[in-house]
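With positions in the sequence shown counted from 1, the corresponding number in the numbering used here is that position plus 547.
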Amino acid sequence: MTQPPIDLRSDTVTKPTPGMIQAMLAAQLGDDVYAEDPTVNQFEEHVADLLGHEAALFVPTGVMSNQLCLKVLTNPGDEVIVGQRSHIFNYETGAPALLSGIQLHTLPDEQGWMEFTQIEEAIREEAYYLPRTAVIAVEQTHNRAGGSVIPMEYLQNVVELGRRKGIGLHLDGARLWNACVATGISPREYASQFDTVSVCFSKGLGAPVGSVMASSKERVVLARKFRKVWGGGWRQAGILAACGLFGLQHQMQRLEEDHQKATRFAEILSGSPMIQIPRFPETNIVVFKTVGFDLLRLAELVKVEGIWLSTAFKGLLRAVFHMDVTLEQTTTAAQKIVATLKKFQA
Ligand SMILES: Cc1ncc(COP(=O)(O)O)c(C=O)c1O
548 MTQPPIDLRS
558 DTVTKPTPGM
568 IQAMLAAQLG
578 DDVYAEDPTV
588 NQFEEHVADL
598 LGHEAALFVP
608 TGVMSNQLCL
618 KVLTNPGDEV
628 IVGQRSHIFN
638 YETGAPALLS
648 GIQLHTLPDE
658 QGWMEFTQIE
668 EAIREEAYYL
678 PRTAVIAVEQ
688 THNRAGGSVI
698 PMEYLQNVVE
708 LGRRKGIGLH
718 LDGARLWNAC
728 VATGISPREY
738 ASQFDTVSVC
748 FSKGLGAPVG
758 SVMASSKERV
768 VLARKFRKVW
778 GGGWRQAGIL
788 AACGLFGLQH
798 QMQRLEEDHQ
808 KATRFAEILS
818 GSPMIQIPRF
828 PETNIVVFKT
838 VGFDLLRLAE
848 LVKVEGIWLS
858 TAFKGLLRAV
868 FHMDVTLEQT
878 TTAAQKIVAT
888 LKKFQA
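See below:
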């Protein structure tokens, strides 16, 4: 019998666990466009409280959530300071320009965070002929930088700078949960200092669908309007909110296991002279390069062996660890990658 693939492309590939499916079946439902779905309402209140914000809005995806946050913090013609490797800049299909009429001012963020002094320099002076710097956006954990955890002190400095200059602050916390489990810092400590926050439930927490944006009551009212404008007004969404609640209650602490798998994977890979890992994993993502061997060829060769890697980052391969891959499969995958390189080097 052929083995199922070891799918390391993303932590979004997981299927709902039996407990999560039970939670879906038991969910009380109503029409969320009328704000009558009790499970959605409970979920939004719970997440708002968890993140230390007044209100929250449940939406289908992290992209919609990020984009709603930018929408409510900006006016057309404004500018957002964001990392060159951020999800918002690279993987949201130009949505800031398309949906909000804003431009992005990108800065290097090799480790996952922009240099503080470069942010200071990038903030525009006030002049009628310049764009207004409306938002500074950061990503926690940082996907393309290998799941790096942005240090709290840095975040506090950025927040303090934003406050001093009257600039909005957005946190793309798609994997905030991983940062919390890695550091022991609470979601509230990270998130409450920002004006808007986006968190995802369809990644390490294992829900099939769903993200939440959190902010002030006023901004969430506005975001609700734009969610509808963008076609995201949904009905008995409690069936999905139940998954988010279940993920938070029962599948959060286990993220630690994903971090251990990433560490094991990176340790095995670093035994090969043909692999370079720019940043040792702190959470559930490992990004790596090949030395003297074509990156995409390696991905193709190991795919034949049943190991699926992500090639979405130019010049890097990515492996993401999640609940549907075991420690044993992790070890097998890493060993096969190392062995494949060795075989083709000879
Ligand atoms: C950092 C980050 N932000 C936002 C998103 C968008 O989430 P979604 O795929 O739910 O739109 C992702 C998705 O991987 C992500 O990694």
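Every residue, glycine too, gets a C-beta built ideally from N, C-alpha and C.
Rounded C-alpha distance that separates residue 690 from residue 593
26 Å
Would you be able to state if there are at least three C-beta pairs under 8 Å between the stretch 626-644 and the stretch 781-799?
no
Using CA atoms only, rank isn't needed, just tell me which of 891, 849, 858 is closest to residue 553.
849
In three-state terms, what does DSSP make of residue 890?
helix
Count the other CB atoms, across all protein chains shown, that sit within 10 Å of the CB of residue 808; report buried if there are 16 or more and exposed otherwise.
buried
Reduced DSSP secondary structure (H/G/I, E/B, other) of residue 650
strand
For the stretch 803-818 against the stretch 773-787, are there 3 or more C-beta pairs whose distance is under 8 Å?
no
Classify residue 749 as helix, strand or coil using the three-state DSSP reduction.
coil
According to DSSP, simplified to helix, strand and coil, what is residue 705?
helix
Name the DSSP beta bridge partners of residue 626, please?
650, 680
Going by DSSP, what residue range makes up the beta strand (DSSP E) through residue 760?
758-762
Determine the contact status of residue 802 and residue 831, defining contact as a CB-CB distance below 8 Å.
yes
Around the Cβ of residue 875, are there at least 16 other Cβ atoms within 10 angstroms (buried) or fewer (exposed)?
exposed
Would you kindly work out how many angstroms separate the C-alpha atoms of residue 861 and residue 843, rounded to a whole number?
10 Å
Top-ranked residue by Cα proximity to residue 737, from 584, 718, 750, 751:
718
Could you tell me the alpha carbon to alpha carbon distance between residue 565 and residue 750, rounded to whole angstroms?
17 Å
Residues sharing a beta bridge with residue 686, DSSP:
719
Quick one: residues in its chain with C-beta nearer than 8 Å to the C-beta of residue 840, no 5 flanking neighbours on either side, listed in chain order?
821, 888, 891, 892
Determine, using beta carbons only, whether residue 670 and residue 714 come nearer to each other than 8 Å.
yes
Among 819, 699, 677, 659, which residue has its Cα nearest to the Cα of residue 633?
659
Residues proximal to ligand 1 by C-beta, any heavy atom closer than 6 Å:
608, 609, 610, 613, 634, 686, 690, 719, 721, 747, 749, 758
Which residue comes first and which comes last in the beta strand (DSSP E) that contains residue 865?
864-867
Whose CA, out of 799, 868, 739, lies closest to the CA of residue 699?
739
Considering only the beta carbon of each residue, do residue 836 and residue 854 sit closer than 8 Å?
no
Cα-Cα separation, residue 833 to residue 551
21 Å
What I want to know is whether the C-beta of residue 582 ends up closer than 7 Å to one or more non-hydrogen atoms of ligand 2.
The model depicted lacks ligand 2 and carries ligand 1 instead.
Between which two residues does the alpha helix (DSSP H) carrying residue 568 extend?
565-573
C-beta atoms of residue 770 and residue 651 nearer than 8 Å:
no
When DSSP labels each residue in this structure, what does residue 883 get in the three-state scheme?
helix
In the DSSP assignment, find the unbroken beta strand (DSSP E) run with residue 837 in it and report its ends.
832-837
Straight-line gap, residue 648 to residue 703 (C-alpha atoms, nearest Å):
29 Å
Can you look up residue 854 in the DSSP assignment and give me helix, strand or coil?
strand
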